[in-house]
Amino acid sequence: RSVSLARAMSTLAALPPVWAGGIRQSDTRKRHTSTRVVRGTVASSSTGKRAREVFVHLEGVKNFRDLAGATRCVKPGRLFRTATPGDATPGDAVLFSKQLHVTSLIDLRSDDEFEPELGLVQSAFGMRSFTRDVTFDIKTANTRHHIPMLDYTRYYKAILSRMTLVEKFKAAVFNAQAVLFDPTNQRAQFVAKVNEGGLFLLNEIMVDTSGPEILAALDVISTTVTETTACAFYCKQGKDRTGLVALFVLHVCGASETEIVDDYHLSDAMRKTALGAVSNELKIDYTKFAGAPCEVVQYTLAYVKHTYGSLDEYLDQIGFDDTKRRALRKTLCE
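The sequence shown maps to residues 113 to 446 in the working numbering.
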């Protein structure tokens, strides 16, 4: 599929400039007006509307908030997004189970990102892992659904497909070198492209290659959330993989693009990105992945619309059709 990134970007005036094969961030960015929202307060967003309380302050868990804080379309207390709850305190564990009534977890991390000790929250849930081409058995109670969003092989192939002919020729030579004696050149070329694209390319690749995982996560939410039980979904930092799932959930529920951008940007305080198996033994420049800039999710929205026609058409393509979207809206909004 051939994609003109410049055309995708042209749909949003405030997006950073683009160059063939990657994206660079502009030196002059539009200043976003979202303010940090804390539990028990009401604050303004870029929409100028009053927002609900967003953050639930836990002692050992970062970036935890009710997705209802992003839009009034979502009922409070049904779906939470967070960083890993691996360091949850006893008080956090009680809040999860007794006050928030979280009975389902969605873990978007790779296996190698799991904590040596799962902690009080995760250990209270049995785990079921998603595998492509195998029927995913969704359990409605006390289950941690493991749905890894990032895969090294898919990531590498996606970057390779975006290379110029000259770069692909070099990649073939470097791959042969890696197989025969030394992977240094292959890794250097791959890392250069990863660093070059940063968060923009990361989201683009996840959209293109993680459709089955996004579908599985949406199915779990739709199946496990009720009026009395909640679900929490997370990756390591709770901003990128988690943010992409949140984008599609909020869209289905009727949130505006401004509300989607505001929600993503609330994770800007998380200055690290966990790339899972992708970053093993690679010299990733993590400054290119810091925070949650508004431009990243604006670009992601534009990329999906240009490449797939619309967000709904993308969801249709991965199998989350209109019937499933109506079911998710009923689950989270009624």
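Just so you know, even glycine gets a beta-carbon here, dropped at the ideal spot from N, CA and C.
Since the structure is predicted, the reported quantities are computational estimates derived from the model, not experimental observations.
Neighbourhood of residue i by C-beta, 6 Å cutoff - its chain only, sequence neighbours within 5 removed
i, result
"residue 329", "218, 259 and 357"
"residue 426", "416 and 420"
"residue 212", "342"
"residue 242", "248, 259 and 328"
"residue 322", "261"
"residue 359", "372"
"residue 246", "none"
"residue 214", "208, 342 and 344"
"residue 159", "Only weak support is given to the placement of residue 159: the predicted model assigns it a pLDDT of 39, under 50, and the value that follows is read from those uncertain coordinates. Taken in chain order, the residues that qualify are 370."
"residue 397", "307"
Own chain partners of residue i with C-beta closer than 7 Å, once the 5 adjacent residues on each side are dropped
i, result
"residue 373", "406, 409 and 410"
"residue 432", "327 and 330"
"residue 337", "190, 191, 343, 443 and 444"
"residue 369", "413"
"residue 367", "182, 183 and 185"
Beta-carbon gap between residue i and residue j smaller than 8 Å
i, j, result
"residue 289", "residue 256", "no"
"residue 444", "residue 187", "yes"
"residue 192", "residue 207", "no"
"residue 262", "residue 333", "no"
"residue 352", "residue 314", "yes"
"residue 204", "residue 170", "yes"
"residue 354", "residue 345", "yes"
"residue 348", "residue 221", "yes"
"residue 194", "residue 176", "yes"
Rounded C-alpha distance that separates residue i from residue j
i, j, result
"residue 375", "residue 285", "43 Å"
"residue 137", "residue 312", "Bear in mind that the predicted position of residue 137 carries a pLDDT of just 31, short of 50, making it too unreliable to give a figure here."
"residue 381", "residue 292", "43 Å"
"residue 270", "residue 423", "20 Å"
"residue 276", "residue 301", "13 Å"
"residue 281", "residue 231", "47 Å"
"residue 307", "residue 317", "14 Å"
"residue 437", "residue 364", "6 Å"
"residue 173", "residue 199", "6 Å"
"residue 197", "residue 361", "21 Å"
"residue 236", "residue 325", "23 Å"
"residue 126", "residue 283", "Because residue 126 carries a pLDDT of 36, less than 50, the predicted location of this residue cannot be relied on, and the following value inherits that uncertainty. Cα to Cα, residue 126 sits roughly 34 Å from residue 283."
"residue 402", "residue 216", "29 Å"
"residue 240", "residue 226", "14 Å"
"residue 429", "residue 265", "22 Å"
"residue 435", "residue 168", "32 Å"
"residue 294", "residue 278", "21 Å"
"residue 296", "residue 229", "33 Å"
Proximity winner among the options, relative to residue i (alpha-carbon distances)
i, options, result
"residue 287", "280, 277, 279 and 298", "298"
"residue 304", "242, 422, 400 and 336", "400"
"residue 340", "185, 210 and 194", "210"
"residue 319", "278, 366, 267 and 279", "267"
"residue 404", "434, 350, 446 and 294", "350"
8 Å Cβ shell around residue i - same chain, five flanking residues per side excluded
i, result
"residue 238", "251, 254, 255 and 256"
"residue 272", "280 and 283"
"residue 244", "324"
"residue 446", "187"
Cutoff 8 Å: residue i Cβ touching any chain C Cβ
i, result
"residue 430", "Chain labels in this structure do not include chain C; a single protein chain is all it has."
Quick one: complete beta strand (DSSP E) runs, 3+ long, within the stretch 315–386?
-> Complete beta strand (DSSP E) runs here, min 3: 342–346.
Let me know the beta strand (DSSP E) ranges lying completely inside the stretch 235–306, each 3 residues or longer, listed in chain order.
-> Whole beta strand (DSSP E) segments, 3+ residues: 238–241 and 255–258.
Which runs of the beta strand (DSSP E), 3 residues or longer, sit entirely within the stretch 186–225?
-> At a cut-off of 3 residues, the continuous stretches assigned as beta strand (DSSP E) that sit fully inside the stretch 186–225 are 191–194 and 214–219.
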